Amino acid sequence: MNNVLLIDDDVELVGMFAEYLEQEGFPVTCVHNGEDGARAALTGGYAIAVLDVMMPGAGGIEALRQIRAGSRMPVLMLTARGDDADRILGLELGADDYVAKPCTPRELTARVRAILRRTQAVPESGPAVVLSVGKLTMLPEQRRATWDGQHLDLTSTEFNLLEVLARNAGRPVSKNDLSEQGLGRPLARFDRNIDVHLSSLRHKLGPLADGRSCLQTIYRQGYQLIKE
Amino acid sequence: MGRLFWKFFLCILLAQVAATIGVGGVFWLRDQARQRATPVLDSGPPAAIALDAAAATLRHGGLPALRSLLPDMRRPQLFVLDASRHELLGRAVTAELMHAVERELRDGAQGGDSAVWRGARRLVGPGGEQYIAFVSRDFGRQIGRDGREAGRQDGLREGAGPDTLTPGLGPGPGPRRRIGQSVVIGATVLASLLFAALLAWYFSRPIRALRSAFEAAAAGDLAPRFGPGAKGGDELVDLGRDFDRMSARLRALMDGQRRLLHDVSHELRSPLARMQAALGLAHQQPEKIGITLERIERESNRMDKLIGELLTLSRLEASPDALRREPVDLVELVDGLVADARFEAGQAAGGAALRVDFDADDSVNVSGDPDLLWSALENVVRNAARHGAPGGVVAVSVRAVDGVARVEVCDRGPGIAPEDLPAIFQPFFRSGASRTGVDGHGLGLAIAQRVVQAHDGEIVVANRDGGGLRVTITLPAAG
Chain A
408 MNNVLLIDDD VELVGMFAEY LEQEGFPVTC VHNGEDGARA ALTGGYAIAV
458 LDVMMPGAGG IEALRQIRAG SRMPVLMLTA RGDDADRILG LELGADDYVA
508 KPCTPRELTA RVRAILRRTQ AVPESGPAVV LSVGKLTMLP EQRRATWDGQ
558 HLDLTSTEFN LLEVLARNAG RPVSKNDLSE QGLGRPLARF DRNIDVHLSS
608 LRHKLGPLAD GRSCLQTIYR QGYQLIKE
Chain B
6 MGRLFWKFFL CILLAQVAAT IGVGGVFWLR DQARQRATPV LDSGPPAAIA
56 LDAAAATLRH GGLPALRSLL PDMRRPQLFV LDASRHELLG RAVTAELMHA
106 VERELRDGAQ GGDSAVWRGA RRLVGPGGEQ YIAFVSRDFG RQIGRDGREA
156 GRQDGLREGA GPDTLTPGLG PGPGPRRRIG QSVVIGATVL ASLLFAALLA
206 WYFSRPIRAL RSAFEAAAAG DLAPRFGPGA KGGDELVDLG RDFDRMSARL
256 RALMDGQRRL LHDVSHELRS PLARMQAALG LAHQQPEKIG ITLERIERES
306 NRMDKLIGEL LTLSRLEASP DALRREPVDL VELVDGLVAD ARFEAGQAAG
356 GAALRVDFDA DDSVNVSGDP DLLWSALENV VRNAARHGAP GGVVAVSVRA
406 VDGVARVEVC DRGPGIAPED LPAIFQPFFR SGASRTGVDG HGLGLAIAQR
456 VVQAHDGEIV VANRDGGGLR VTITLPAAG
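Just so you know, the sequences run in chain order A and B.
For the first sequence, the numbering used here gives the first residue as 408, with consecutive numbering after it.
For the second sequence, the numbering used here gives the first residue as 6, with consecutive numbering after it.
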């Protein structure tokens, strides 16, 4: 399933994006306001939602909130170039990644494809791999993670980033590696994406026995998942 | 403490010194005058006590006792005259003093016994001899030129008394009184300095606060600083409030400009995003290049129109007075616009959807810039045709009433939410219903308002009874 849901109030623009994506092999549905968009996203019939967070009023942000309240499906935000406030808010609300408008349809398609590839990674053959670091247990094939036996509710991007860190547990992972392996794209300049996702992860993972967070920032090197 | 503080301080100090000198001078002069006009007799309580003492001495000790008492009483100085008007100690008594004594005795006789405080009294000796006792206010200056007592008294004052004691010692209370005086003077000066400083601080403080507020404003911080808390107050408090009002207005203007800039960049980005998307499609499907080029052309036209409107708006805001003034016939102008609207409506909806009614006087002349008036009215008529389409009819009328040209454009569309009405003339404002799907940037009414205002006219937007919107433009008619 690789149905794409496009939520944007610019009818003409969405029409062109849809045309392009369909040529690339993604079935597309277009919705032109936040409420209908959130409702459509929550039907579960879509692999990814592309959401314009700059829709009039609080339309876009509110739709994102509603989607995240009921689903962990990947959400790609369209934001205004240079408008950091919306972008950070969107990431904090659980969007997986963002594309700054104006963007070329090719850029958008590449981003959609990267997210879908990550979230729909074909299970490798062989016995099920279990990543286990301290209290954290991850089952990449099932895209499930637990902390101290408790199920963790992670977005797909958060899962990917945590998986990268877990595979390299005890070693610092640079932000660029995290971006390439977790988000499927190189780190952009002044990109706060990774930091926002990791801050959210830190809240979701419990503290270590000594009260520290198990996710440590290593100055100028990146992040590290502490191996006990 | 700035220079202003010191200026205040010095002024207040000067004023205090002047006042002190003035008041002191007045008191001194009065004192002088009183001294000159002083009754020569002392009639105060000490004098009464001295007279009582003299009476008692005479009664119980007789003349010798009184005689020996007199030299001892220097202050107050007691004089006693015998029946033949000779002073007991032989001191001279001036005629002036005698007059005063006689007058005093006469008054005392009229006033009866109550004359306790009188400065002269008749004394009766044990043998029935009559004496007159009185207390002189002038301590032996005219009296007893050769008396030892007077000499002692006046020694210091005249500085030439043969038997004067060491001048430094002087009469008993002298040095102590002088110390007391200097303490009082010092305290007064200190208090005056303190009050001057306090007052200067009190006056210069709000001015300093204002100054720091201006400095902050110059540095770009326009936050309110004085607050509405200071009620009533003087002119300086009012000034602070005015400053707050001014900075609030500036802040609003700057916020407006910033928002405008933000909106402009956002609005320019939308056609750009569509152009980029179209270009992407052209890359993907080169065979559809024709459609793509059309799209790009449309978007660049939109951008051009938006920029044109922005320039008009900015020109109107920058110099609303620099208008061309020409006679313009509004009827002719609106007639053309209505024809355009009819044509477009016919094109868009197959000719049946929208009716545009036009009702006008023969000619209504105003003086103004035809291009600007045309664009203002075009925006209004287009808006009506666009939003009023569901209502099916747009009514336009042009009338001249009482020297005022009035253009009314009414539609039966959805109207505007009452809470949005005040904001409708803001650039880029689009009310909820018209936000999506409709072409236009939300600059039309903003331009119309500024054009009309530049022509000394008025534009009013109101919802109609029964649905729809009425835009009324009034302009001063040309004579």
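The C-beta atom is built at its ideal place from N, Cα and C for all residues, glycine as well.
As the structure is a computational prediction, the values presented were derived from the model and not from experiment.
Supposed contact pair residue j and residue i - C-beta distance, whole angstroms, cut 8 angstroms
| i | j | result |
| --- | --- | --- |
| B:Q454 | A:C510 | Between A:C510 and B:Q454 the Cβ distance is about 36 angstroms, and since that is not below 8 angstroms, they are no contact. |
| B:L204 | B:F84 | Between B:F84 and B:L204 the Cβ distance is about 54 angstroms, and since that is not below 8 angstroms, they are no contact. |
| A:G441 | A:I414 | 7 angstroms |
| A:L500 | A:R475 | 6 angstroms |
| B:V336 | B:V369 | 5 angstroms |
| B:V399 | B:V339 | No, B:V399 and B:V339 are not in contact; Cβ-Cβ is about 12 angstroms, not under 8 angstroms. |
| B:G393 | B:R417 | 6 angstroms |
| B:I294 | B:A287 | 6 angstroms |
| A:L585 | A:L568 | 6 angstroms |
Opening and closing residue of the alpha helix (DSSP H) in which residue i lies
| i | result |
| --- | --- |
| A:S563 | S563 to R574 |
| A:T516 | P512 to T526 |
| B:E299 | I294 to A323 |
| B:L286 | E240 to Q289 |
| B:A331 | First, the residue type needs correcting, since residue 331 of chain B is Glu and not Ala in the sequence shown. It is not in any alpha helix (DSSP H) - B:E331 instead sits in the beta strand (DSSP E) that spans E331 to D334. |
| A:R472 | G466 to G477 |
| A:D443 | G441 to A448 |
Limits of the beta strand (DSSP E) - the one that residue i falls within
| i | result |
| --- | --- |
| B:N500 | This structure cannot speak to residue 500 of chain B, because chain B is shown only from 6 to 484. |
| B:E413 | V409 to D416 |
| A:M545 | L543 to L546 |
| B:V401 | V398 to V406 |
| A:Q549 | Where A:Q549 is concerned, there is no enclosing beta strand (DSSP E), given that its DSSP letter is neither H nor E. |
| A:L622 | L622 to I625 |
| B:D77 | Counting along the chain, B:D77 falls outside any beta strand (DSSP E), though it belongs to the alpha helix (DSSP H) covering P50 to D77. |
| A:M484 | V482 to A487 |
Chain A contact for residue i (CB, 7 angstroms cutoff)
| i | result |
| --- | --- |
| B:A451 | no |
| B:L286 | yes |
| B:S439 | Summary for B:S439: the model assigns pLDDT 47, below 50, so the residue's position carries little reliability; its value from the coordinates is reported in the next sentence. No, B:S439 does not count as interfacial toward chain A. |
| B:Q262 | no |
| B:I478 | no |
| B:R469 | no |
| B:L265 | no |
| B:L215 | no |
| B:Q289 | yes |
| B:Q281 | yes |
Per-residue burial, residue i [other beta carbons within 10 Å of its own, 16 or more giving buried]
| i | result |
| --- | --- |
| B:V22 | exposed |
| B:G173 | With a pLDDT of 43 at B:G173, under the threshold of 50, the predicted position of this residue should be treated as unreliable, though the coordinate-derived value follows. It is exposed - the Cβ of B:G173 has fewer than 16 other Cβ atoms within 10 Å. |
| A:N547 | In the sequence as presented, Asn is not what sits at residue 547 of chain A; that position holds Pro. When all chains shown are included, A:P547 counts as buried. |
| A:Y630 | buried |
| B:S141 | buried |
| B:F348 | exposed |
| B:R153 | Its pLDDT being 43, under 50, B:R153 is placed unreliably by the model, and the measurement read from it follows with that caveat. It counts as exposed. |
| A:G577 | exposed |
| B:G356 | Only weak support exists for where B:G356 lies, its pLDDT of 48 falling under 50; the coordinates are left without a value. |
| B:L195 | exposed |
| A:Y427 | buried |
| A:Q628 | exposed |
| A:V482 | buried |
| B:L34 | exposed |
| B:H91 | exposed |
Below-7 angstroms beta-carbon distance, residue i vs any chain B residue
| i | result |
| --- | --- |
| A:F424 | yes |
| A:T486 | no |
| A:E419 | yes |
| A:P434 | no |
| A:Q473 | no |
| A:P509 | yes |
| A:Y427 | yes |
| A:R513 | yes |
| A:Q527 | no |
| A:I414 | no |
- Would you be able to state if there are at least three C-beta pairs under 8 angstroms between the segment 470 to 479 of chain B and the segment 409 to 416 of chain B? yes
- Three or more beta-carbon pairs under 8 angstroms between the segment 416 to 426 of chain A and the segment 455 to 472 of chain A, yes or no? yes
- Task: Spell out a yes or no on whether the segment 418 to 425 of chain B and the segment 364 to 384 of chain B are touching, meaning 3 or more CB-CB pairs, one atom from each, closer than 8 angstroms.
- Result: no
- Message: Does the segment 256 to 274 of chain B come into contact with the segment 236 to 248 of chain B, if we say contact requires no fewer than three beta-carbon pairs (one atom in each stretch) closer than 8 angstroms?
- Response: no
- Query: Three or more beta-carbon pairs under 8 angstroms between the segment 128 to 141 of chain B and the segment 54 to 66 of chain B, yes or no?
  - Reply: yes
- Contact the segment 455 to 462 of chain B vs the segment 319 to 334 of chain B: 3+ CB pairs below 8 angstroms: Result yes; three or more Cβ-Cβ pairs closer than 8 angstroms.
- Item | Inter-stretch contact at 8 angstroms, needing at least 3 Cβ pairs: the segment 129 to 137 of chain B / the segment 66 to 85 of chain B | By the Cβ test, the segment 129 to 137 of chain B is in contact with the segment 66 to 85 of chain B, since at least three Cβ pairs between them sit closer than 8 angstroms.
- Item | Segment contact flag, the segment 606 to 615 of chain A with the segment 180 to 187 of chain B, C-beta cutoff 8 angstroms, min 3 pairs | no
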